[in-house]
Each structure stands twice: as C-alpha cells, then as structure tokens.
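Undergrad: Residue numbers (the working numbering): 5 to 449.
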C-alpha cells in the first residue's frame with residue numbers, strides 16, 4: 005500500500021491526532037472532575053496549569069533546535085508516547101486508590117516537557133508537506149485537533165464516567181494514543197532538517213546559538229514582533245478567567261458534570277464551524293485583519309460566557325469563543341509559515357511561542373489563589389458585584405473572565421491602529437528572499 009503524502013498525508017496525520025487528543029481530553033475531563041469532587045478548590049487547577057505551561061515554556065526553547073535537527077517523526081511521536089506512559093501510571097494508581105495531587109502535578113509537568121516538541125513539530129511538518137498557498141486551509145483543517153475533541157470528548161466523558169468510570173476512560177485514551185503513533189510512523193513526511201555546521205566539540209555552542217537564533221530573527225523584524233506583542237497582551241488578560249473554566253462552570257451549575265460537558269461540547273461546535281469554513285473558503289483581504297477580528301469575536305464569546313447564567317446562553321458564548329479562536333490562530337500561523345524559511349521554523353516558532361506565552365504564566369499562577377483567597381471572601385458578601393455576577397467561586401471567576409475579555413478586546417482594537425501590525429505581511433515578506441539565503445537546506449533521503 006502506498007504511503008499517503010502531501011495534503012492527503014497531512015489530513016491522515018490530523019485524523020490520528022483528533023482520535024488521540026479526544027482520548028486525552030476525556031482523561032483530562034475525568035481527572036478534573038475527580039479533583040473538584042475530592043478537594044473543591046480552584047488552586048489545584050491553577051497549579052496543574054502553571055506546571056504544564058511552565059514546562060512548555062522552559063523546554064520549548066530547546067525544542068525548536070531539536071525539531072530543526074531531528075527527523076520529524078521523532079518529534080511527532082515522543083509526546084504521545086510520554087503521555088501514554090503517564091496515563092498508564094495514573095490508571096494503575098487510581099485503581100489502587102493511590103492517586104494523589106502530587107502525582108497529577110508531576111504528570112502535568114512531564115507532559116508539558118514533551119508537548120513542547122509537538123507544536124513546532126506539527127507546524128514545520130505542515131510547511132514541509134504542503135505548498136504556501138495551502139497553508140491557511142491546512143491550518144484550519146488542523147484546528148480540528150483542538151475543537152473536534154472539544155465537541156466529542158466532554159459529552160462522552162461526562163456520560164461514561166457513570167458507566168465505565170475513570171479507569172475505562174483512561175483505557176480509551178491509551179488506545180487512541182497508540183493509533184496516533186502508528187499513523188505518524190506510516191505517513192510519508194519529507195525529512196528536511198537544519199544542516200549541521202559545527203563539529204561534535206561545538207555541539208553545545210551550536211545548541212545555544214540555535215536558541216538565540218529564533219529571538220534574533222524576530223527582534224530584527226519589528227512587524228513580526230509587534231504582532232507577537234498583540235497575542236502576548238491578549239493571552240495575558242484573557243488567561244485569568246480562562247484557566248479556571250472547568251471549576252467556573254462546575255461552581256455555576258452546582259457540580260453538574262453533564263452541564264460542563266455540554267458547554268465544552270459547544271466549544272467544539274464553534275471550532276468545527278470555523279475549521280470547515282476556513283478550510284473551504286479563504287477570507288478576502290489581509291490575513292492580519294481576519295486575525296484581529298477573530299480575537300475580538302473570541303473575547304466577546306468569553307464575555308458572554310462569564311456574564312450569563314443560563315446554560316444555552318453560555319453555550320452560545322462558548323461557540324463564539326472557539327470560532328474566533330480558530331480565525332485568529334489559523335491566520336496567525338499562515339502569516340508566520342509564509343515568512344519564515346522551513347529550515348528555520350523550529351527555532352523561530354519556539355522563540356515565538358516562548359515570547360507569546362511568557363506573561364501568560366502569571367495569570368495561570370495567580371488566578372487560583374486570587375480567587376480562593378481574595379475574591380471568594382469578597383463575593384461571599386452581598387455587594388453590587390456579587391448581586392450581578394453571583395456569590396462565591398462562580399461570581400469571583402466570572403469577574404475575572406469578564407474583566408480579562410474587556411481588556412483583551414481593547415488590545416485588538418488598538419492593534420487596528422498600529423501601522424506595523426497592519427502591514428506585517430507586506431514588510432516581512434519583503435525580506436523573505438534575503439532570509440532564505442542565510443542558511444542552506446539539506447534534504448535527506
């Protein structure tokens with residue numbers, strides 16, 4: 005049988021990842037419900053988020069160099085293998101009634117280390133398998149890995165928890181991870197890597213040069229840096245409320261797992277709508293305009309989600325939030341992939357991710373303690389805000405979500421008036437030909 009390649013091959017990889025991420029999302033849903041039922045506090049969620057995120061950011065600096073040097077398939081399958089081993093250990097501990105928060109914290113950190121490889125690896129794989137005019141559609145198609153599982157996993161996990169239990173859900177996760185690894189091994193992926201220019205004695209020096217290379221590339225191109233700052237500010241403001249989404253919905257609905265699953269499913273609905281539209285129809289005009297409009301739509305969705313209490317209205321907010329996210333991320337990724345030469349993308353995209361997420365760790369770290377120790381005591385009292393947004397954890401997290409959404413919308417509106425952001429495609433593309441001559445490309449058989 006001929007191994008799939010090109011757009012067909014990338015679509016096959018995408019379907020494998022949809023299955024894998026669906027299983028992982030079901031496990032995350034089940035573990036989140038277990039944590040809330042056992043402890044009933046927002047802080048554990050915040051700690052797990054910051055550990056996963058922190059590992060991604062720290063090890064992401066090295067990931068770019070490794071992705072540019074290694075065969076693509078190694079970078080693609082290592083995160084799935086690591087996740088499978090950790091899930092297997094968690095399954096054993098749960099069946100022995102020995103599962104603890106300490107292990108879940110460790111699991112989050114180790115998963116973050118390996119997942120740092122995944123995003124730059126798939127970004128570079130897409131660019132190496134496809135033509136530039138296919139980037140926007142392919143990125144929209146790959147968005148199904150975010151929103152397809154969000155559509156299926158929560159409602160499945162919420163319904164299956166009462167029948168097959170958490171152990172059954174984690175078993176499904178292990179099977180889907182295995183499927184994804186086998187698909188990645190089967191599909192043909194061009195092996196395009198950075199050409200080694202240093203001897204073994206200079207390997208360490210070359211490694212640090214690789215880490216610095218991505219930062220230099222971005223800093224020397226102000227339009228790209230300014231576009232990155234927009235995402236940095238948006239992620240910072242929105243992160244305070246968004247990192248506590250699961251405990252917020254559970255607190256708002258009296259620990260209703262089905263309600264949480266339903267609202268998360270509508271995240272998938274909005275994402276799939278965006279994925280289908282953008283994979284079939286390329287929006288006219290500048291990509292950066294669609295990007296900023298997407299940010300605003302997403303923030304409006306989270307504002308609705310944070311303010312209203314009726315579940316159908318919250319589902320509408322979730323749909324808008326994910327639809328706008330697809331618009332923003334798809335067009336951002338297409339802009340970067342069109343500008344950065346393929347052999348540089350691992351290092352540049354890792355630096356880009358580090359810069360974009362650096363400040364996002366602050367709201368992840370502070371949101372849980374801020375809610376539990378500062379806002380909940382305030383919202384337990386009868387005040388104007390608690391009367392409008394609700395009392396206790398629900399009102400406190402609602403306040404953070406609404407405030408963050410408003411500030412993030414302001415960032416996007418200011419970006420419309422920024423010359424560098426508006427002309428990022430023109431100014432950055434002008435230097436593409438010169439940039440591509442700075443490194444030689446080695447295509448391995």
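All C-beta atoms in this analysis are idealised placements derived from N, C-alpha and C, irrespective of residue type, glycine included.
Quick caveat: nothing in here was measured; it's all calculated off a predicted structure.
1. Could you work out which residue in 125, 21, 110, 331 is closest to residue 186 when comparing CA atoms only?
2. Check residue 103 in the structure and name its three-state DSSP category.
3. Buried or exposed: where does residue 340 fall if 16 or more other Cβ atoms within 10 Å of its Cβ makes it buried?
4. Which same chain residues, not among the five before or five after residue 201, have their C-beta less than 6 Å away from its C-beta?
5. I'd like the list of long-range same chain contacts for residue 409, defined as Cβ closer than 6 Å, with 5 residues on each side in sequence excluded.
6. Could you tell me which whole alpha helix (DSSP H) segments of length 4 or greater appear in the stretch 283-342?
7. What distance in whole Å lies between the Cβ atoms of residue 357 and residue 72, which are believed to be in contact at a cut-off of 8 Å?
8. Near residue 229, which residues of its chain fall below 7 Å by C-beta distance, leaving aside the five closest residues on each side in sequence?
9. What does the Cβ neighbour count give for residue 313, buried or exposed, with the cut at 16 atoms within 10 Å?
10. Roughly how many whole angstroms lie between the Cα atoms of residue 45 and residue 323?
11. Determine the burial state of residue 7: buried for a count of at least 16 other Cβ atoms within 10 Å of its Cβ, exposed for fewer.
12. Which value, in whole angstroms, describes the spacing of the CA atoms of residue 172 and residue 38?
13. Select from 70, 98, 108, 150 the residue whose C-alpha is nearest the C-alpha of residue 24.
14. Looking at residue 366 and residue 240, is the spacing between their C-beta atoms short of 8 Å?
15. Measuring only the C-alpha atoms, how far is residue 400 from residue 157?
16. Can you list, in chain order, the residues of its chain with a C-beta nearer than 6 Å to that of residue 117? Leave out the 5 residues immediately preceding and following it.
17. So, helix, strand or coil for residue 194, using DSSP?
18. Could you give the C-beta distance for residue 231 and residue 428, rounded to a whole number, given that I count them as a contact under 8 Å?
TA: Taking the definition as stated:
1. Numbered from its first residue, the chain shown carries residue 186 at position 182. Checked all of 125, 21, 110, 331; the closest Cα to residue 186 is 21.
2. For this step, residue 103 is matched to residue 99 along the chain shown. In the structure shown, residue 103 sits in coil (DSSP, three-state: anything other than H, G, I, E or B).
3. Position 336 of the chain shown, counted from the start, is the residue given in the question as residue 340. When all chains shown are included, residue 340 counts as buried.
4. Within the chain shown, numbered from 1, the residue matching residue 201 stands at position 197. In this prediction, residue 201 scores a pLDDT of 47, lower than 50, which makes its location untrustworthy; the coordinate-derived value is nonetheless stated afterwards. Cβ within range, chain order: n/a, list empty.
5. Within the chain shown, the letter at position 405 stands for residue 409. Excluding residues within five positions, the ones whose Cβ falls inside 6 Å are 303, 306, 307.
6. 291-311
7. Stepping through the chain shown from its first residue, residue 72 is reached at position 68. Stepping through the chain shown from its first residue, residue 357 is reached at position 353. 14 Å between Cβ atoms; not a contact.
8. Counting from 1 along the chain shown, the entry for residue 229 is found at position 225. Counting only Cβ-Cβ distances below 7 Å, and skipping sequence neighbours, we find 222, 223.
9. By 1-based counting over the chain shown, the position of residue 313 is 309. It counts as exposed.
10. Numbered from its first residue, the chain shown carries residue 45 at position 41. Numbered from its first residue, the chain shown carries residue 323 at position 319. Spanning the two alpha carbons is a distance of roughly 27 Å.
11. Taking the first residue of the chain shown as position 1, residue 7 is located at position 3. Residue 7 is exposed by the Cβ-count criterion.
12. In the chain shown, the residue the question calls residue 172 occupies position 168. In the chain shown, the residue the question calls residue 38 occupies position 34. Rounded to the nearest angstrom, the two C-alpha atoms are 14 Å apart.
13. Here residue 24 refers to the residue found at position 20 when the chain shown is read from its first residue. Considering only alpha carbons, the answer is 150.
14. Taking the first residue of the chain shown as 1, we reach residue 240 at position 236. Taking the first residue of the chain shown as 1, we reach residue 366 at position 362. For residue 240 and residue 366, yes; Cβs fall inside 8 Å.
15. Taking the first residue of the chain shown as 1, we reach residue 400 at position 396. Taking the first residue of the chain shown as 1, we reach residue 157 at position 153. Spanning the two alpha carbons is a distance of roughly 27 Å.
16. One-based indexing of the chain shown puts residue 117 at position 113. Here the set comprises 59, 63.
17. Along the chain shown, read from residue 1 onward, the residue named residue 194 stands at position 190. In the structure shown, residue 194 sits in coil (DSSP, three-state: anything other than H, G, I, E or B).
18. For this step, residue 231 is matched to residue 227 along the chain shown. For this step, residue 428 is matched to residue 424 along the chain shown. Confirmed, Cβ separation roughly 5 Å.
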